[in-house]
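Only one structure is covered here, and it is reproduced in the block below.
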Amino acid sequence: MEKKKVLLLFGTRPEAIKMAPLIPEFQKFARIIDLKICITAQHRHMLDQVLRFFDIEVDFDLNLMKPGQNLHSLTSDIIQETKKIYEIFQPDLVLVHGDTTTSMAAALSAFYLGIPVAHVEAGLRTFNKKSPFPEELNRNITGRIADYHFAPTIESKNNLLDERIDPSKIEITGNTVIDALLLGLNKIKDQKPDSIKLLIDTLPFNRPFILVTGHRRENFGEGFVSICKALHTISQSLDADIIYPVHLNPNVQDPVFKYLSNNPAIFLIEPQPYEAFIWLMNQSKLIITDSGGVQEEAPSLGKPVLVMRDTTERPEAVSAGTVILVGTDYEKIVTETISLFQNEKKYEQMSKLSNPYGDGNASKRIVNFIVNELN
Ligand code: UD1
Ligand code: UDP
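So in full-length UniProt numbering, spot 90 of the sequence shown is number 90, and the numbers just go up one at a time.
Written out as structure tokens, the structure reads:
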């Protein structure tokens, strides 16, 4: 029997983290599945950090990132360049992840060639096409194109059913972010990697700290200025440090370094390799972020999260009580942060462990489903 050809395709840091656990699962079926990995490299440095940690060997590297890239040229580059790879490899199935421009454009490009598409992390919705921008629409378009939908939760499956997707093509799997987190924590359990040792050597860690990340396009400009002002006020109001690995997007770097450099309680550091970031999450008292992935990881680590967004396509953690939406509102960010430091009961309630996004076996379920479908 000829092997079925599967192409795993991704381009940014979060996609790489969430696709990584699928690779060893596919390798268990190497007898019947020919797996190849294609990266658009929509991200470069931040993607390579993940490839290194998970020892991912790439078959096709499109190397597309340009500094300060725009959505139009990135989208057209991905469509053009993935076409060439599809024509060379001729996959039976292309797997894309989530809501990035890589996922949407690569899915569309496969569709134009009649190649089936499977969508990992399918069905999340805010129902507001401008938030997150452009991710909400990217995920919707990818969902319209996809032939198979791996929904992390019952809520995401229900969203797809509302769109009249064939129920037999939807599988509830949990989110592979939890698989990655468990793999990552296990890898650093016995021996601290150099990236963590470097943090320990360079940062004080002599009082509680708040971990911050942010990169959403809809927060660029005024939103980021408001976030920076709030962080400055927090640093002056609490006996705590702020550790902030700053995303490499120039729209983030510029305001953050302009407003927050030279503040002795705020440590602006490089985007961290995944293993160092999950270690930092575990050590932190509280996380302030606009990240999708961090919202999903934090409940498993029992860390309260203030989410700097007005909407979320991940309502499960809000219902579980670990996450509060604060938008980019200066008052809300400051008030909620200070209240979590001062109100022990509230802090305890938000720190309880919960696993709304899965049990760490999402990748197994996805690969088993695909192997059954293809054979
Ligand atoms: C992208 C995704 C977003 C995802 C985020 C994860 C889209 C439209 N956006 O946003 O959904 O949540 O990644 O982080 O798909 N840069 C570097 N090195 C890197 C990565 C980025 O220098 O390793 C800089 C470059 O100047 C690049 C810019 O950041 O042009 C923007 O990258 P891009 O992928 O377009 O947008 P993100 O804001 O990273
Ligand atoms: N992350 C990381 N290093 C960092 C910040 C985040 O490895 O310095 C990880 C984090 O653990 C999560 C993912 O990156 O798994 C989230 O990526 P990001 O916030 O860039 O994108 P989003 O999830 O919002 O799409």
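In this text, a Cβ means the ideal position worked out from N, Cα and C, and glycines have one as well.
Measuring only from the beta carbon, is residue i closer than 7 Å to any heavy atom that is part of the ligand UD1?
i: residue 273; result: no
i: residue 329; result: no
i: residue 43; result: yes
i: residue 283; result: no
i: residue 128; result: no
i: residue 383; result: What the structure shows of the chain is the stretch from 1 to 375, and residue 383 is not part of that stretch, so it cannot be assessed.
i: residue 134; result: yes
i: residue 46; result: yes
i: residue 65; result: yes
i: residue 12; result: yes
i: residue 71; result: yes
Applying the criterion that 16 or more other CB atoms from any shown protein chain within 10 Å of the CB defines a buried residue, is residue i buried or exposed?
i: residue 207; result: exposed
i: residue 30; result: exposed
i: residue 154; result: exposed
i: residue 28; result: exposed
i: residue 165; result: buried
i: residue 1; result: exposed
i: residue 224; result: buried
i: residue 372; result: exposed
i: residue 291; result: buried
i: residue 250; result: exposed
i: residue 379; result: Since the displayed the chain opens at 1 and closes at 375, residue 379 lies outside it and no answer follows.
i: residue 219; result: buried
i: residue 288; result: buried
i: residue 10; result: buried
Can you tell me whether residue i sits near the ligand UDP, meaning its C-beta is under 7 Å from at least one heavy atom of the ligand?
i: residue 139; result: no
i: residue 142; result: no
i: residue 297; result: yes
i: residue 131; result: no
i: residue 177; result: yes
i: residue 119; result: no
i: residue 277; result: yes
My guess is that residue i and residue j are in contact by the Cβ rule of under 8 Å, so how many angstroms apart are they, rounded?
i: residue 124; j: residue 144; result: No, residue 124 and residue 144 are not in contact; Cβ-Cβ is about 14 Å, not under 8 Å.
i: residue 37; j: residue 55; result: The pair is not a contact, with the Cβ atoms about 12 Å apart (cut-off 8 Å).
i: residue 177; j: residue 297; result: 6 Å
i: residue 113; j: residue 86; result: 5 Å
i: residue 367; j: residue 22; result: 6 Å
i: residue 328; j: residue 227; result: 5 Å
i: residue 276; j: residue 182; result: Residue 276 to residue 182, Cβ: 17 Å. No contact.
With a Cβ-Cβ cutoff of 8 Å, do residue i and residue j count as a contact?
i: residue 350; j: residue 333; result: no
i: residue 142; j: residue 94; result: no
i: residue 337; j: residue 196; result: no
i: residue 286; j: residue 299; result: no
i: residue 126; j: residue 311; result: yes
i: residue 150; j: residue 171; result: yes
i: residue 272; j: residue 245; result: yes
i: residue 53; j: residue 274; result: yes
i: residue 330; j: residue 230; result: yes
i: residue 88; j: residue 106; result: no
i: residue 82; j: residue 42; result: no
i: residue 136; j: residue 316; result: no
i: residue 267; j: residue 242; result: yes
i: residue 357; j: residue 159; result: no
i: residue 51; j: residue 16; result: yes
i: residue 3; j: residue 39; result: no
i: residue 147; j: residue 117; result: yes
Quick check: is the beta carbon of residue i nearer than 8 Å to any beta carbon in chain B?
i: residue 63; result: This model lacks chain B altogether; it includes just one protein chain.
Restricting to runs no shorter than 3 residues, where is the beta strand (DSSP E) found entirely within the region 232 to 314?
The region 232 to 314 contains these whole beta strand (DSSP E) runs: 241 to 245, 266 to 269, 286 to 289, 305 to 307.
In chain order, each beta strand (DSSP E) run of at least 3 residues that lies wholly inside the region 160 to 228
For the beta strand (DSSP E) assignment, the uninterrupted runs of no fewer than 3 residues enclosed by the region 160 to 228 are, from N- to C-terminal side, 170 to 172, 209 to 213.
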